[in-house]
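Protein sequence lines correspond, in order, to chains P and G. Each number in my numbering corresponds to the 1-based position in the first sequence with 9 added. Each number in my numbering corresponds to the 1-based position in the second sequence with 9 added. A short worksheet on the structure shown next.
There are 2 protein chains.
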Amino acid sequence: MAQTKKGEMTRDHILKTTRAILMANGFHDTSINDIIKVTGVTKGNLYYHFAGKEDIGLAVLEDVKEEFFKFLAESFIGDTPCAKVANSCQAIFEEQKKNNFVGGCLFGNAALEMSDSNPRFSKVIRSVCAHWIREIDHYLSLAKEGHSLHVNVSPGMLAKAIVATIEGGIMLSRVTKDQADLEDCLTVIRAMLGE
Amino acid sequence: MAQTKKGEMTRDHILKTTRAILMANGFHDTSINDIIKVTGVTKGNLYYHFAGKEDIGLAVLEDVKEEFFKFLAESFIGDTPCAKVANSCQAIFEEQKKNNFVGGCLFGNAALEMSDSNPRFSKVIRSVCAHWIREIDHYLSLAKEGHSLHVNVSPGMLAKAIVATIEGGIMLSRVTKDQADLEDCLTVIRAMLGE
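So, in structure tokens, the structure goes:
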């Protein structure tokens with residue numbers, strides 16, 4: 010039992026440490042040796058937990074996905090459905106700001122780096138996007154029912170555009186290292202929501 | 010003179026062919042040997058034109074930038090400033106559709122792959138984003154002056170959000186290989202423009 014617990018801790022340590030170098034350098038530019046170096050585990054121990062680099066990359070994505078879904082669920086705070094969506098977007102901005110817009114969004118990075126070449130990676134990224142869009146769509150549909158959504162598009166379309174605007178805004182702020190870019194995108198989202 | 014012309018053609022051949030593999034595999038995963046293989050030029054000839062891989066990558070970005078600015082200048086077609094912006098966005102959608110959403114946007118890819126680690130790359134990407142935003146801002150400002158822009162945000166902010174939405178929408182469609190994602194983003198942009 011203690012051994013299992015230690016194994017779980019090692020696995021989690023590998024995932025969290027590898028996440029940091031994947032954010033900084035991307036998947037292709039990170040080697041198994043880089044992972045061994047930063048995690049400090051032996052090659053044998055690494056291969057005990059993971060079949061190879063692709064397996065580690067996938068497990069990191071799944072780990073971040075789980076964390077993001079939890080973060081997302083707690084981010085829809087506010088008195089009205091539109092306020093909940095606006096605050097959720099704001100929470101993502103605060104997260105990016107904490108990291109000084111370095112690293113960006115791991116899913117966005119992986120989407121651009123891997124989605125044409127690796128179907129296992131793109132499946133995880135697709136499921137993250139779909140869940141995120143569905144959550145926003147849920148609140149926008151409530152707003153539409155309550156006649157408090159005044160843009161002339163369907164809640165599903167608007168939800169998709171909001172996710173796209175945030176991902177694109179993260180990209181802009183990452184390139185310029187200027188928080189105003191993502192901030193301006195949020196202002197436009199808020200205007201569309203009437204918030 | 011003939012030699013110069015031949016040299017220019019070789020340089021251009023290297024740029025166009027390397028662009029295709031950079032779109033597919035990214036910068037880090039493309040080696041000098043890959044470039045020699047796909048271009049068919051000798052190592053000596055390659056190094057005659059470029060100092061190294063970073064130099065080729067930058068020259069490819071500059072080449073695509075020049076092409077994109079020309080494309081952009083010709084894309085603002087329509088009777089009103091808002092129609093011009095909407096049609097320009099539509100033209101970018103058609104380009105992505107032609108490529109079946111494979112490869113995505115080279116600037117977006119490079120932004121996510123290189124902007125934290127390579128200041129020379131991020132300078133080019135920043136100049137592309139700034140020019141694109143400025144062009145849209147120009148037409149939205151005309152629309153604002155003519156009282157035909159009905160969103161309650163500044164033209165500059167809206168221009169930035171439009172570029173972000175397109176980049177994010179390209180990312181979504183690239184992951185899902187479903188044109189509906191970028192298409193829905195365009196519908197929302199058009200609704201914001203009252204088009």
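Ideal Cβ placement from N, Cα and C applies to all residues, glycine included. Bear in mind the structure is a predicted one, so any value in this text is a computation, not a measurement.
For the alpha helix (DSSP H) containing G177/P, list its first residue and its last residue.
-> As a working mapping, residue 177/P is identified with position 168 in the first sequence. Here the alpha helix (DSSP H) through G177/P covers 164 to 185.
Opening and closing residue of the alpha helix (DSSP H) in which H159/P lies | Start at 1 with the first residue of the first sequence, and residue 159/P comes out as number 150. For H159/P, there is no enclosing alpha helix (DSSP H), as DSSP marks it with neither H nor E.
I86/G burial status per 10 Å Cβ neighbour count (16 or more: buried) | One-based indexing of the second sequence puts residue 86/G at position 77. Exposed, since its Cβ has fewer than 16 Cβ neighbours within 10 Å.
Hey, would you say M180/G sits closer than 8 Å to G113/G, going by beta carbons?
-> Here residue 180/G refers to the residue found at position 171 of the second sequence. Here residue 113/G refers to the residue found at position 104 of the second sequence. Yes; because the gap between Cβ atoms is below 8 Å, this pair is in contact.
Cα-Cα separation, L229/P to A95/G | Residue 229/P lies beyond the stretch modelled for chain P, which goes from 10 to 204, so this question has no answer here.
Endpoints, alpha helix (DSSP H) assigned at A88/G | Residue numbering aside, residue 88/G sits at position 79 when the second sequence is read from its first letter. Sequence check: residue 88/G is Asp here, not Ala. Premise fails: D88/G is in no alpha helix (DSSP H) and is neither H nor E.
Give, in chain order, every unbroken run of the alpha helix (DSSP H) that is at least 4 residues long and sits entirely within the segment 97 to 126 of chain G.
-> 115 to 123
Identify which residue in G117/P, D146/P, F80/P, E76/P has its Cα closest to the Cα of Q99/P.
-> Within the first sequence, numbered from 1, the residue matching residue 99/P stands at position 90. Ranking G117/P, D146/P, F80/P, E76/P by Cα distance to Q99/P puts F80/P first.
Checking contacts by CB at 8 Å: is K62/G closer than that to chain P?
-> Walking along the second sequence from the start, residue 62/G turns up at place 53. So, not an interface residue.
Beta carbon of M123/G, beta carbon of F130/G: below 8 Å?
-> The sequence position of residue 123/G within the second sequence is 114, counting from 1. The sequence position of residue 130/G within the second sequence is 121, counting from 1. Yes.
Start and end of the alpha helix (DSSP H) containing H147/P?
-> Position 138 of the first sequence, counted from the first residue, corresponds to residue 147/P. Unbroken alpha helix (DSSP H) run through H147/P: 128 to 154.
Among the residues of its own chain, which have a CB less than 6 Å from the CB of V47/P, if the five just before and after it don't count?
-> Translated into positions along the first sequence, residue 47/P becomes position 38. Excluding residues within five positions, the ones whose Cβ falls inside 6 Å are T26, I30.
Closest Cβ-Cβ distance between D125/G and chain P: below 8 Å?
-> Position 116 of the second sequence holds residue 125/G. Closer than 8 Å: yes.
Answer with buried or exposed for S182/G, where buried requires no fewer than 16 other C-beta atoms within 10 angstroms of its C-beta.
-> In the second sequence, residue 182/G corresponds to position 173, counting from 1. S182/G should be labelled buried.
Own chain, CB closer than 7 Å to Q105/G, minus 5 neighbours either side, in chain order | For the purposes of this step, residue 105/G is identified with residue 96 of the second sequence, where counting begins at 1. Within the same chain, Q105/G has close Cβ partners I179, S182, L191.
Look at the alpha carbon of R135/P and the alpha carbon of K14/G, and state the distance between them as a whole number of angstroms.
-> Residue numbering aside, residue 135/P sits at position 126 when the first sequence is read from its first letter. Residue numbering aside, residue 14/G sits at position 5 when the second sequence is read from its first letter. Whole-angstrom Cα-Cα distance: 47 Å.
When DSSP labels each residue in this structure, what does F59/P get in the three-state scheme?
-> Locating residue 59/P in the first sequence gives position 50, where the first residue counts as 1. Reduced to three states, the DSSP call for F59/P is coil.
Neighbour-count burial assignment, D64/P, 16 or more Cβ in a 10 Å radius | Residue mapping note: residue 64/P aligns to position 55 of the first sequence, counting from 1. It counts as exposed.
Hey, is G176/G's beta-carbon within less than 8 Å of any beta-carbon in chain P?
-> Here residue 176/G corresponds to residue number 167 of the second sequence, with the count starting at 1. As written in the sequence, residue 176/G is Glu, which differs from the Gly given in the question. At least one chain P Cβ lies under 8 Å of E176/G.
Under 8 Å between C-beta atoms, does A200/G make it to chain P?
-> What you label residue 200/G is simply residue 191 of the second sequence in a count that begins at 1. For A200/G, the answer is yes, since a Cβ of chain P falls inside 8 Å of its Cβ.
To which residues of the same chain is L195/G closer than 6 Å at the C-beta, ignoring the five residues directly before and after it?
-> For this step, residue 195/G is matched to residue 186 along the second sequence. Correct list, in chain order: C98, F102.
Return the CA-CA distance between I175/P and G177/G, expressed in angstroms with no decimal places.
-> Translated into positions along the first sequence, residue 175/P becomes position 166. Translated into positions along the second sequence, residue 177/G becomes position 168. Cα to Cα, I175/P sits roughly 7 Å from G177/G.
Indicate, with yes or no, if the ligand NAP has a heavy atom lying under 7 Å from the CB of E103/G.
-> This structure lacks the ligand NAP; in fact it carries no ligand of any kind.
Nearest-angstrom Cα separation, counted from D187/P out to K169/P = The residue labelled residue 169/P in the question sits at position 160 within the first sequence. The residue labelled residue 187/P in the question sits at position 178 within the first sequence. Distance between the alpha carbons of K169/P and D187/P is about 24 Å.
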